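K.L.:
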Amino acid sequence: MLRDSTAALSEAVKCRQWQSEPTVRLQEETVIPPPFPSERSGIFGLTRLQSAFPDRQAHAPRKQSTAEEDASAKRLNAILTELSELTEGARAEGRASPNDSAIAGTRALAKLCVSFRLPEPTIDLNDDGSVEFFIRTRSRGILFILRQDDLLQVFGDFESEPWRARYQISGKTWKLHLPTYLASLESESSPPPT
Amino acid sequence: MIELPPLINTEEVGRAVWDSKKAKKAASGVIVPKIFREKDGTRELSVDRVSHGGLLELAGLHDGERSDQSFHGWASLSVERASAMNRKVEADPIRPQNPYHAFIILPDAENEEFVEAQTQHALNLAMASRWLPRPSGSG
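Those sequence lines, one after another, are chains H and D. First residue of the first sequence: 1, per this note's numbering; consecutive thereafter. First residue of the second sequence: 1001, per this note's numbering; consecutive thereafter.
#1: Is Gly1073(D) near Arg1130(D), with beta carbons less than 8 Å apart?
#2: Can you pull the chain D residues whose beta carbon is under 8 Å from the beta carbon of Pro162(H), in chain order?
#3: With 16 as the cutoff for other CB atoms within 10 Å, does Asp1040(D) come out buried or exposed?
#4: Which residue's Cα is closest to the Cα of Ala1117(D): Arg164(H), Ser115(H), His177(H)?
#5: According to DSSP, what are the bridge partners of Asp1092(D)?
#6: Could you round the C-beta distance between Val1047(D) and Ala1102(D) to whole angstroms and report it? I think they count as a contact, below 8 Å.
#7: Could you spell out the range, first to last residue, of the alpha helix (DSSP H) harbouring Asp1063(D)?
#8: Which residue marks the beginning of the beta strand (DSSP E) containing Ala165(H), and which one marks its end?
#9: Is it right to say Lys1025(D) is buried, meaning 16 or more other beta carbons lie within 10 angstroms of its own, or is it exposed?
#10: Alpha helix (DSSP H) containing Pro179(H): first to last residue?
#11: Quick one: residues in its chain with C-beta nearer than 6 Å to the C-beta of Ser184(H), no 5 flanking neighbours on either side, listed in chain order?
#12: Between Ala1059(D) and Phe1071(D), which are expected to be in contact by the criterion C-beta below 8 Å, what is the C-beta distance as a whole number of angstroms?
#13: At the level of alpha carbons, what is the spacing between His1062(D) and Ala104(H)?
#14: Check Phe144(H) in the structure and name its three-state DSSP category.
#15: Using a threshold of 8 Å, state whether the C-beta atoms of Leu143(H) and Ile169(H) are closer than that.
#16: Looking at the strands, I want to know which residues DSSP matches up with Glu1143(D).
#17: Does chain D have any CB closer than 8 Å to the CB of Thr180(H)?
#18: Note down, one range per segment and in chain order, each beta strand (DSSP E) of at least 3 residues found wholly within the stretch 91 to 140 of chain H.
#19: What are the residues in the stretch 71 to 102 of chain H lying within 9 Å of chain D by C-beta distance?
#20: Which same chain residues end up closer than 6 Å to Lys1088(D) when comparing Cβ atoms and leaving out the 5 residues on each side of it in sequence?
#21: From this set, Ser1051(D), Glu1113(D), Thr1042(D), which residue's C-alpha is nearest Val1013(D)'s C-alpha?
#22: List, in chain order, every chain D residue whose beta-carbon is nearer than 7 Å to that of Phe155(H).
#23: Does the stretch 64 to 80 of chain H come close enough to the stretch 92 to 101 of chain H to have 3 or more Cβ pairs within less than 8 Å?
#24: From the beta carbon of Thr106(H), is the nearest beta carbon of chain D less than 8 Å away?
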């Protein structure tokens, strides 16, 4: 366990040096990476992080057949159309609407989403013009909020255990982490309870 | 005047939903977190105690509360789940109109942290909820 945690620490520190993001917080508990790697709390935190990001390579979207690609294209089109309608509606009514960065981030998020076998996401705009992108399976849900100030907030609730993370939309890290988040949903992607 | 018994963990409380788009999603099995997201800084979420009958009466009451929207139903969850993450549920009967009224109360936190925590609570509450439509024939 210690060896695994040390490896994860090394990875996390590299990530920290590469870019100031991400800050991953596990409910009132841990800021990753920990400032003092030798502390037990840091190792505990990394163990948790490692379980959240076990193997990046293992969570690339799987290859799709032609029929699946067509279906994915339709789903993507539906999501992007909804985003466009919401944005245009907000602008027409003089309400705050997402800026180019948030729109681009949402499009990237949507593209990644449809590459996994996941239920249809729900998109909405907040009063401040940020985009809410919510996707859930039976017992796992992730809420992405793409704000006008380049902040991407990610809120998760897996089997009633909450977690959250923050990224810069203009950064690269969220695009590396997202497949892991989404793969964890795909693993139990059955319709939610009614 | 109806007097309800003290709250117990197994009874359910429901958050009223007026927005037709959110109601449609909820009916398809997806309760969106925004249903449980109050304005920034607000700790109390109004809910109804929906395990004690009176749903027709409540639906009628909610119908008159928003001039531009219709009442569709509730995002409902147990008091036990509503009390997770250090939240509290307290009965708050509004006499004489709504003896079923209660509050889910979020734990306090520093300003910026609290605003983020509100969203985290909203997600947790939404994930624990099921859709309870307004009684048929009540509008």
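All C-beta atoms in this analysis are idealised placements derived from N, C-alpha and C, irrespective of residue type, glycine included. From a predicted model like this one, the values you see are computed outputs, not experimental measurements.
P.N.:
Reading it off the structure:
#1: Counting from one through the second sequence, the residue named residue 1073(D) turns up at place 73. Counting from one through the second sequence, the residue named residue 1130(D) turns up at place 130. Not closer than 8 Å, so no.
#2: The count along the first sequence starts at 1 and reaches residue 162(H) at position 162. Within 8 Å Cβ-Cβ: Met1085, Gln1120, Leu1123, Asn1124.
#3: As a first step, residue 1040(D) must be located in the second sequence, where it is residue number 40. With fewer than 16 other Cβ atoms within 10 Å, it is exposed.
#4: Residue numbering aside, residue 1117(D) sits at position 117 when the second sequence is read from its first letter. The candidate whose alpha carbon is nearest that of Ala1117(D) is Arg164(H).
#5: Along the second sequence, one-based indexing puts residue 1092(D) at 92. Asp1092(D) is not bridged to any residue.
#6: In the second sequence, counting from the first residue as 1, residue 1047(D) sits at position 47. In the second sequence, counting from the first residue as 1, residue 1102(D) sits at position 102. Sure, about 5 Å apart at Cβ, within 8 Å.
#7: The residue labelled residue 1063(D) in the question sits at position 63 within the second sequence. Taken as a continuous stretch (DSSP letters only), the alpha helix (DSSP H) holding Asp1063(D) covers 1055 to 1063.
#8: Numbered from its first residue, the first sequence carries residue 165(H) at position 165. Ala165(H) -> beta strand (DSSP E) spans 161 to 168.
#9: Your numbering for residue 1025(D) matches position 25 in the second sequence. Buried, by the Cβ-count rule.
#10: By 1-based counting over the first sequence, the position of residue 179(H) is 179. 173 to 186 is the extent of the alpha helix (DSSP H) around Pro179(H).
#11: One-based indexing of the first sequence puts residue 184(H) at position 184. There are no such residues.
#12: By one-based count along the second sequence, residue 1059(D) stands at place 59. By one-based count along the second sequence, residue 1071(D) stands at place 71. With a Cβ gap of about 6 Å, Ala1059(D) and Phe1071(D) count as contacting.
#13: Locating residue 1062(D) in the second sequence gives position 62, counting from the first residue. Locating residue 104(H) in the first sequence gives position 104, counting from the first residue. C-alpha separation (whole angstroms): 39 Å.
#14: Translated into the one-based positions of the first sequence, residue 144(H) becomes position 144. Strand at Phe144(H).
#15: Residue mapping note: residue 143(H) aligns to position 143 of the first sequence, counting from 1. Residue mapping note: residue 169(H) aligns to position 169 of the first sequence, counting from 1. Contact flag unset, no.
#16: Nothing can be reported for residue 1143(D), as the shown portion of chain D is limited to 1001 through 1139.
#17: Working through the first sequence from its first residue, we reach residue 180(H) at position 180. So no, Thr180(H) is outside the interface.
#18: Fully enclosed beta strand (DSSP E) runs of 3 or longer: 122 to 125, 131 to 136.
#19: none
#20: Stepping through the second sequence from its first residue, residue 1088(D) is reached at position 88. Result list for Lys1088(D): Ile1105, in chain order.
#21: Against the second sequence, residue 1013(D) aligns to sequence position 13. Measuring from the Cα of Val1013(D), the nearest candidate turns out to be Ser1051(D).
#22: What you label residue 155(H) is simply residue 155 of the first sequence in a count that begins at 1. Residues of chain D passing the Cβ test: Thr1119, Gln1120, Leu1123.
#23: No contact exists between the stretch 64 to 80 of chain H and the stretch 92 to 101 of chain H.
#24: Against the first sequence, residue 106(H) aligns to sequence position 106. Answer no: the Cβ-Cβ gap between Thr106(H) and chain D never drops below 8 Å.
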